[in-house]
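S.K.: Take a look at this one; I'll ask things after.
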Amino acid sequence: MILPFDIILQLFVIICAVAAITVKDLMSAVIILGAYSFFMCLMWAQMGAVDVAFTEASVSAGIGTILCIAAVMKTTRRTKD
Amino acid sequence: MLEFIISKYNFWIYIILMMIGFYAMIAKTNLVKKIIGMNIFQTAIILFFVSTAYKSDATLPILLNSQGHGAGHHAAEQVIEVSQYINPLPHVLMLTAIVVMVATLGVALAIVIRVYRDYGTLNEDEIIKAIK
C-alpha cells in the first residue's frame, strides 16, 4: 500500500460518496456512484485484492450503473433532495 | 490518542463512508437516493473486510518458488511462509458479497420502477400520502 496514493484515493472516495447523495439530479448521482465504484476498485487493487477489484469494476461499476441508468430513464430525473 | 487516531486512519474512513450511506438511507426522501446510500453502505463494509486481509510486505497468494511441472512433487517439501502472502479468505467472501450487492440493487430498482408506475413519484412522503 503506497501511502500518498492511498490517502488521495480515500479522499476521492469520500468526495464521491458525499457528492452522490447531495447532488440534485438523479442521473448525475448515478454517474457519480459509478465513479465511486471505480475509485473503490482502485483501492482494492492496491490492497492486493485483485479478484475483488475485477469483480467490482465489471459487476458493480458496469452492470450496477447500467441498471441504475435504466431505472432513472424509466422513471424521473427530478428530486427534491 | 492522536497517534492512535492517525495510525488507524483507514478504519475511520470506512466508518465515515458507512455513516454517509446510513444517513442517505434514513434521511433522504427520494427512493433512488436511498438505494445509492445502501450501495455506499455495502461497499464500506466490503472495504473493511478486504482491508483486514492486508499485510504489509506481503504479496498475492500464489506460490513463489514453484518449479514448473515439478511443482506438485516439490510442494510437499517446501515450507510455505504464511507471512509472505495476503490472506485470501476475506477476498473470496467479499466476492460473493459484491454479487449479492448487485442482485439487491437490481431488485430494489425494479421495485422503484413499479412504485413510480403506480404513484407517479419517487418521493417517499408523497407516496405515503397517496397510500393513506
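Protein chains in written order, with my numbering: chain A, 954 to 1034; chain B, 2 to 133. Glycine residues also receive a C-beta, built at the ideal position from the N, C-alpha and C atoms.
Have a look at A:Ser1013, A:Met954, A:Phe958 and flag the residue whose alpha-carbon is nearest the alpha-carbon of Tyr989 (chain A).
M.R.: On the first sequence, position 36 is the one that residue 989 (chain A) refers to. When each option's Cα is compared against that of Tyr989 (chain A), the closest is A:Ser1013.
S.K.: List the residues of chain A that Met20 (chain B) touches, going by C-beta distances under 8 Å, in chain order.
M.R.: Counted from its first residue, the second sequence places residue 20 (chain B) at position 19. Correct list: empty, because the minimum Cβ distance to chain A is about 10 Å.
S.K.: Please classify Met954 (chain A) as buried or exposed, where buried requires at least 16 neighbouring CB atoms within 10 angstroms.
M.R.: Position 1 of the first sequence, counted from the start, is the residue given in the question as residue 954 (chain A). So Met954 (chain A) counts as exposed.
S.K.: Assuming Thr1032 (chain A) and Leu979 (chain A) are in contact, meaning their beta carbons sit under 8 Å apart, how far apart are those beta carbons, in whole angstroms?
M.R.: To locate residue 1032 (chain A), count along the first sequence from 1; it is residue 79. To locate residue 979 (chain A), count along the first sequence from 1; it is residue 26. That belief holds up - the Cβ atoms of Thr1032 (chain A) and Leu979 (chain A) are roughly 5 Å apart, short of 8 Å.
S.K.: Comparing the C-beta of Ile114 (chain B) with each C-beta of chain A, is any distance below 7 Å?
M.R.: Translated into the one-based positions of the second sequence, residue 114 (chain B) becomes position 113. Judged by the 7 Å Cβ criterion, Ile114 (chain B) is in contact with chain A.
S.K.: Let me know the secondary structure DSSP gives Tyr187 (chain B) once reduced to three states.
M.R.: Nothing can be reported for residue 187 (chain B), as the shown portion of chain B is limited to 2 through 133.
S.K.: Checking the sheet assignment: what are the DSSP bridge partners for Asp978 (chain A)?
M.R.: Within the first sequence, residue 978 (chain A) is the residue found at index 25, counting from 1. Paired residue(s): A:Arg1031.
S.K.: In the DSSP output, what is Thr60 (chain B) paired with across the bridge?
M.R.: Numbered from 1 along the second sequence, position 59 holds the residue referred to as residue 60 (chain B). Note: Thr60 (chain B) sits in a beta bridge opposite B:Tyr86.
S.K.: Scan the region 94 to 115 of chain B for residues whose Cβ lies nearer than 7 Å to a Cβ of chain A and list them as they occur along the chain.
M.R.: Against chain A - using a Cβ distance shorter than 7 Å - the residues of the region 94 to 115 of chain B are Met95, Leu96, Ile99, Val100, Met102, Val103, Leu106, Gly107, Leu110, Val113, Ile114.
S.K.: For a contact meaning CB atoms closer than 9 Å, what does Ser981 (chain A) contact in chain B?
M.R.: Within the first sequence, residue 981 (chain A) is the residue found at index 28, counting from 1. None at all; the shortest Cβ gap to chain B is about 11 Å.
S.K.: Output the distance between the C-alpha atoms of Gln999 (chain A) and Ile21 (chain B), rounded to the nearest integer angstrom.
M.R.: Locating residue 999 (chain A) in the first sequence gives position 46, counting from the first residue. Locating residue 21 (chain B) in the second sequence gives position 20, counting from the first residue. Taking the straight line joining both Cα atoms gives about 23 Å.
S.K.: Just mark Lys133 (chain B) as buried or exposed, buried being the case when its beta carbon has 16 or more other beta carbons within 10 Å.
M.R.: Within the second sequence, the letter at position 132 stands for residue 133 (chain B). Flag for Lys133 (chain B) reads exposed.
S.K.: Does the structure place the region 14 to 32 of chain B close enough to the region 1008 to 1023 of chain A that three or more beta carbon pairs sit under 8 Å?
M.R.: No: the two stretches stay apart, fewer than three of their Cβ pairs being nearer than 8 Å.
S.K.: Could you please tell me which residues of the region 20 to 37 of chain B, in chain order, have their CB closer than 7 Å to any CB of chain A?
M.R.: Those residues of the region 20 to 37 of chain B that come within reach of chain A (Cβ to Cβ, closer than 7 Å) are Ile21, Ala25, Lys29, Thr30, Asn31, Val33, Lys34, Ile37.
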